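Right, one structure below, let's go through it.
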Amino acid sequence: MRDFKEFERGDWVVFDTSKPYCRLLPPCLMKFIQIEDGDAVVESQGRWSLVSLAALKPASEDDIEAGHRIDKPSNSRELEILDKPENHISPNCKVTEAHINEADKLNRLG
Numbered sequence: 001m002r003d004f005k006e007f008e009r010g011d012w013v014v015f016d017t018s019k020p021y022c023r024l025l026p027p028c029l030m031k032f033i034q035i036e037d038g039d040a041v042v043e044s045q046g047r048w049s050l051v052s053l054a055a056l057k058p059a060s061e062d063d064i065e066a067g068h069r070i071d072k073p074s075n076s077r078e079l080e081i082l083d084k085p086e087n088h089i090s091p092n093c094k095v096t097e098a099h100i101n102e103a104d105k106l107n108r109l110g
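Counting in UniProt numbering, the sequence shown runs from 1 upward without gaps.
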């Protein structure tokens with residue numbers, strides 16, 4: 001069993017999204033308060049909650065700076081996909097017909 005002594009009162013923690021049951025939990029940054037009956041008492045936005053110790057991990061410096069958990073993409077190519085769309089158009093694509101709506105035609109004729 002994991003040693004939960006890694007958390008001390010006042011430590012910043014977040015839900016551990018490497019665990020499937022934590023992936024849909026909010027990305028809130030929480031302050032560890034204490035262990036109560038085998039679970040963790042945490043504070044987030046002035047409210048105290050009781051959560052499973054197994055669901056927590058220490059917050060990274062980036063998480064703390066941002067004020068919430070920073071989720072990394074599960075697909076390493078996801079960041080490339082966010083790049084400019086024109087960088088992902090095949091050179092084999094050709095524009096054969098461009099659609100111009102009626103308002104654009106009237107504006108050009110002027």
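Every residue, glycine too, gets a C-beta built ideally from N, C-alpha and C.
From a predicted model like this one, the values you see are computed outputs, not experimental measurements.
| Query | Result |
| --- | --- |
| Within 10 angstroms of its Cβ, does Asp63 collect 16 or more other Cβ (buried), or is it exposed? | buried |
| Secondary structure at Asp39, three-state DSSP: helix, strand or coil? | strand |
| Would Ala66 be called buried (16 or more neighbouring beta carbons within 10 Å of its own) or exposed? | exposed |
| Which value, in whole angstroms, describes the spacing of the CA atoms of Ala55 and Asn92? | 48 Å |
| Would you call Arg9 buried or exposed, if buried means 16 or more other Cβ atoms sit within 10 Å of its Cβ? | exposed |
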